[in-house]
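Novice:
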Amino acid sequence: MAAPSPLCKANTSFSLALFRKLSDNDTTANIFYSPFSISSALAMVLLGARGNTAAQMSEVLYFTEAEMPKDAEQQQQQQQQQQMRLPDFLKSLKTKGLEDDVHVSFSQLLNELHKENAPYALSVANRLYGEQSYQFVEDFLGSTKKHYRAELESVDFRAAAETSRSNINSWVEKQTEGGFMHSRISESRYKYKTSSNCPVGKIKDLLAKGIVTGDTRLVLVNAIYFKGNWDKQFKENTTRDATFHISKNSTKPVKMMQQTSEFPFTFIREANCQVLELPYVGKELSMLIFLPKQIEDSTTGLEKLEKLLTYDNFMEWTRPEMMKEVEVQVGLPRFKMEEKCNMKNILVSMGMVDAFNEAASDFSGMSPANDLVLSEVIHKAFVEVNEEGTEAAAATGAVFTLLCAVFPQNFYADHPFLFFIRHNPSRNILFAGRYCSPE
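Structure (structure tokens):
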């Protein structure tokens with residue numbers, strides 16, 4: 234497995250930072266999202282951002298690194314003091330790197346993901362919907378097409394907003410069809426500065442009525458779909474009724490899939506956590522599952538693990554040298570999750586303030602008039618894990634011990650766990666989740 238690229242570092246760091254924000258909203262809720270979808274959608278937005286708007290976005294996405302993380306309040310306090318330019322302390326992906334390296338890297342990764350004759354289904358699609366009477370910067374349109382394969386479709390938001398919304402939803406539905414068990418979408422919407430609600434239902438209705446109006450000028454949509462069979466499938470006749478421990482004092486029934494086979498496996502002593510890798514056919518994608526040995530706290534048992542889950546720890550714990558292929562007795566719930574969220578408040582709290590601020594947003598690289606403000610970023614994701622596989626639409630100084638297996642290791646996920654779907658060649662996280670309770 235190749236060393237992680239700067240883009241992998243940025244995307245993984247963003248994924249884990251976003252996970253912490255989602256977890257803070259509800260420490261016991263199920264979570265599922267596609268960090269890759271969100272970051273690639275926002276990277277397209279970044280193509281048209283300038284000044285402090287671009288600087289904040291690049292820091293939140295970990296394309297650049299500030300000396301210290303800034304929360305939204307600090308960002309607002311320093312707004313007036315900062316020059317309207319990109320920061321010169323780039324450490325992750327260098328700029329012109331914001332205009333070149335980041336987007337070139339995304340383009341290369343998209344080419345890797347769209348692999349012909351792959352033994353799994355994985356597709357990423359991007360599209361821009363622009364008001365037909367509105368003028369966009371040609372360089373912006375050319376760059377989104379070049380790097381993200383995002384074509385512009387002219388629509389009549391002014392006179393036919395509802396028809397336009399329906400057309401966008403139809404495109405999204407088509408991009409995530411095929412069983413669509415897992416589809417995840419990120420959508421960014423722009424309107425005039427003079428002017429939410431998460432969409433309901435599955436991916437067939439991403440944008441709810443009223444979210445596209447006559448003031449809308451641009452809708453940017455990203456859709457990702459994945460379906461893969463396990464390299465070593467579970468047999469349906471071995472699935473049993475079992476008890477899932479939501480906490481020390483609360484349980485729910487669950488269908489527990491079971492098998493004993495050889496899998497990459499390790500134990501992280503400092504987190505008291507097992508890590509299991511379940512490869513999909515072809516082994517280019519895997520599900521990584523982090524399972525605490527037992528529930529040690531008053532909630533899900535994941536508190537200690539989540540605090541330790543930094544970029545450095547994640548990459549170290551999951552590198553091939555740390556994962557030894559051993560015989561493992563696996564018990565994994567059959568589960569299905571659908572999550573939807575308006576990302577605006579979360580992104581603002583992470584420091585992406587100006588993009589949503591009518592008085593401060595700078596999208597002059599997108600619009601010659603510079604009269605656009607980002608109004609919503611909507612994310613929706615769905616995942617199903619069963620006996621056949623998964624469908625989904627959306628070094629530190631620690632000491633690690635590789636277990637020597639004389640007897641099969643026991644990995645019985647009857648209590649909350651974290652899971653990640655990773656593209657192994659690039660080590661990018663495509664999907665991430667937390668399973669706390671059967672639905």
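Every letter in the sequence shown is one number past the one before it in this note's numbering, and letter 141, counting from 1, is 374. From the three backbone atoms N, C-alpha and C, an ideal C-beta is built for every residue, glycine too.
CB-CB under 6 Å to K472, same chain, minus the five flanking residues each way: which ones, in chain order?
Specialist: As a working note, residue 472 is residue 239 in the sequence shown. It is worth fixing the name first, because residue 472 is Thr in this sequence and not Lys. Cβ within range, chain order: K488 and M490.
Novice: Three or more beta-carbon pairs under 8 Å between the region 450-466 and the region 354-373, yes or no?
Specialist: Result yes; three or more Cβ-Cβ pairs closer than 8 Å.
Novice: Can you give the beta carbon distance from L342 to N661, rounded, assuming they're within the 8 Å contact cut?
Specialist: Stepping through the sequence shown from its first residue, residue 342 is reached at position 109. Stepping through the sequence shown from its first residue, residue 661 is reached at position 428. Rounded, the Cβ-Cβ distance is 7 Å, consistent with contact.
Novice: Where does M548 sit, in a helix, a strand or coil, going by DSSP?
Specialist: Residue numbering aside, residue 548 sits at position 315 when the sequence shown is read from its first letter. It is helical.
Novice: Only counting the same chain, and skipping five residues up and downstream in sequence, which positions put a Cβ closer than 8 Å to that of F547?
Specialist: What you label residue 547 is simply residue 314 of the sequence shown in a count that begins at 1. Around F547: T245 and L249.
Novice: Check whether the Cβ atoms of E503 and L565 sit closer than 8 Å, and answer yes or no.
Specialist: Taking the sequence shown and counting its residues from 1, the one referred to as residue 503 is at position 270. Taking the sequence shown and counting its residues from 1, the one referred to as residue 565 is at position 332. No; because the gap between Cβ atoms is not below 8 Å, this pair is not in contact.
Novice: What is the DSSP secondary structure of V559, counted as helix, strand or coil?
Specialist: The residue labelled residue 559 in the question sits at position 326 within the sequence shown. The answer is strand: DSSP assigns V559 an E or B state.
Novice: Is F467 buried or exposed, if buried means 16 or more other CB atoms sit within 10 Å of its CB?
Specialist: Within the sequence shown, the letter at position 234 stands for residue 467. When all chains shown are included, F467 counts as buried.
Novice: Is DSSP giving M585 helix, strand or coil here?
Specialist: As a first step, residue 585 must be located in the sequence shown, where it is residue number 352. Looking at M585 - three-state DSSP - the assignment turns out to be coil, as it is neither helix nor strand.
Novice: Does DSSP classify D438 as helix, strand or coil?
Specialist: Along the sequence shown, one-based indexing puts residue 438 at 205. D438: helix per DSSP, three-state reduction.
Novice: Within 10 angstroms of its Cβ, does H336 collect 16 or more other Cβ (buried), or is it exposed?
Specialist: The sequence position of residue 336 within the sequence shown is 103, counting from 1. So H336 counts as buried.
Novice: Indicate whether F339 and Y295 have their beta-carbon atoms separated by less than 8 Å.
Specialist: Start at 1 with the first residue of the sequence shown, and residue 339 comes out as number 106. Start at 1 with the first residue of the sequence shown, and residue 295 comes out as number 62. No, Cβ-Cβ distance for F339 and Y295 is not below 8 Å.
Novice: Rounded to a whole number of angstroms, what is the C-alpha to C-alpha distance between I401 and L440?
Specialist: Taking the sequence shown and counting its residues from 1, one reaches residue 401 at position 168. Taking the sequence shown and counting its residues from 1, one reaches residue 440 at position 207. In a straight line, the C-alpha of I401 is about 8 Å away from that of L440.
Novice: To the nearest whole angstrom, what separates the beta carbons of A354 and F459, a pair I think is in contact under 8 Å?
Specialist: Counted from its first residue, the sequence shown places residue 354 at position 121. Counted from its first residue, the sequence shown places residue 459 at position 226. Yes, they are in contact, since the Cβ atoms of A354 and F459 sit about 7 Å apart, within 8 Å.
Novice: Sorted by chain position, which residues of the same chain lie with C-beta nearer than 7 Å to L280's C-beta, five sequence neighbours on each side aside?
Specialist: Counting from 1 along the sequence shown, the entry for residue 280 is found at position 47. If we look at L280 and ignore the five residues flanking it on each side, its Cβ neighbours are H336, F373, S376, T377 and G598.
Novice: Quick check on DSSP: helix, strand or coil for G622?
Specialist: For the purposes of this step, residue 622 is identified with residue 389 of the sequence shown, where counting begins at 1. In the structure shown, G622 sits in a strand (DSSP, three-state: E or B).
Novice: Run through the DSSP bridge pairs and tell me what Y668 is partnered with.
Specialist: If you number the sequence shown from 1, residue 668 lands on position 435. Answer by DSSP bridge pairing, in chain order: F650.
Novice: Taking just the CA atoms, how far does M570 sit from F269?
Specialist: Residue mapping note: residue 269 aligns to position 36 of the sequence shown, counting from 1. Residue mapping note: residue 570 aligns to position 337 of the sequence shown, counting from 1. One C-alpha to the other measures close to 18 Å.
Novice: From what residue to what residue does the beta strand (DSSP E) around F644 run?
Specialist: Locating residue 644 in the sequence shown gives position 411, counting from the first residue. Here the beta strand (DSSP E) through F644 covers Q642 to Y645.
Novice: Spell out a yes or no on whether the region 550-567 and the region 578-592 are touching, meaning 3 or more CB-CB pairs, one atom from each, closer than 8 Å.
Specialist: Segments in contact, no.
Novice: May I ask which residues mark the beginning and end of the beta strand (DSSP E) holding A675?
Specialist: Residue 675 is absent from the structure shown; the chain starts at 234 and stops at 672.
Novice: Suppose you measure from the CA of T297 to the CA of S291; what does that come to, to the nearest Å?
Specialist: By one-based count along the sequence shown, residue 297 stands at place 64. By one-based count along the sequence shown, residue 291 stands at place 58. For T297 and S291, the distance between alpha carbons rounds to 6 Å.
Novice: Give every residue of the same chain whose Cβ lies closer than 8 Å to the Cβ of M485, excluding the five residues on either side of it in the sequence, and list them in chain order.
Specialist: Translated into positions along the sequence shown, residue 485 becomes position 252. It is Lys, not Met, that sits at residue 485 in the sequence shown. Only T476, F477, I479, S670 and P671 meet the Cβ criterion.
Novice: Tell whether a beta-carbon distance below 8 Å holds between C241 and S519.
Specialist: Along the sequence shown, one-based indexing puts residue 241 at 8. Along the sequence shown, one-based indexing puts residue 519 at 286. No, the pair does not count as a contact, with Cβ atoms beyond the cut-off.
Novice: Alpha carbon to alpha carbon, what distance is there between V405 and M414?
Specialist: Your numbering for residue 414 matches position 181 in the sequence shown. Your numbering for residue 405 matches position 172 in the sequence shown. For M414, the predicted model reports a pLDDT of 33, less than 50, meaning its position is unreliable; a value from the coordinates is still stated below. Each residue's alpha carbon lies about 14 Å from the other.
Novice: Pull up the distance between the alpha-carbon of I501 and that of T623, whole angstroms please.
Specialist: As a first step, residue 501 must be located in the sequence shown, where it is residue number 268. As a first step, residue 623 must be located in the sequence shown, where it is residue number 390. When rounded, the distance between both Cα atoms is 26 Å.
Novice: Check the DSSP bridge columns for R473 and list the partner residues they point to.
Specialist: As a first step, residue 473 must be located in the sequence shown, where it is residue number 240. Looking at the DSSP assignment, R473 forms a beta bridge with M489.
Novice: Going by CA-CA distance only, name the one from L255, H648, K516 and P352 that's closest to S483.
Specialist: To locate residue 483, count along the sequence shown from 1; it is residue 250. Among L255, H648, K516 and P352, the Cα nearest to that of S483 is on H648.
Novice: Under a Cβ-count criterion, where at least 16 other Cβ atoms within 10 Å of its own Cβ denotes burial, should S273 be classed as buried or exposed?
Specialist: For this step, residue 273 is matched to residue 40 along the sequence shown. So S273 ends up on the buried side.
Novice: Applying the 10 Å Cβ sphere with the 16-neighbour rule, what's the burial state of E469?
Specialist: Along the sequence shown, one-based indexing puts residue 469 at 236. Classification for E469: exposed.
Novice: Check whether the Cβ atoms of V508 and F496 sit closer than 8 Å, and answer yes or no.
Specialist: The sequence position of residue 508 within the sequence shown is 275, counting from 1. The sequence position of residue 496 within the sequence shown is 263, counting from 1. No.
Novice: Tell me whether A593 sits in a helix, a strand or coil according to DSSP, three-state version.
Specialist: For the purposes of this step, residue 593 is taken as residue 360 along the sequence shown, with counting starting at 1. Three-state DSSP puts A593 in coil, outside helix and strand.
Novice: Give me, in chain order, the residues of the same chain whose beta-carbon lies closer than 6 Å to that of K481; leave out the 5 immediate sequence neighbours on both sides.
Specialist: As a working mapping, residue 481 is identified with position 248 in the sequence shown. Closer than 6 Å at Cβ, skipping near neighbours: I528.
Novice: Going by C-alpha distance, which of K465, T409 and T396 is nearest I444?
Specialist: For the purposes of this step, residue 444 is identified with residue 211 of the sequence shown, where counting begins at 1. Answer by Cα proximity: T396.
Novice: Since G461 and V388 are thought to touch, with beta carbons under 8 Å apart, how far apart are those beta carbons, to the nearest angstrom?
Specialist: Here residue 461 corresponds to residue number 228 of the sequence shown, with the count starting at 1. Here residue 388 corresponds to residue number 155 of the sequence shown, with the count starting at 1. Not really, about 34 Å apart at Cβ, beyond 8 Å.
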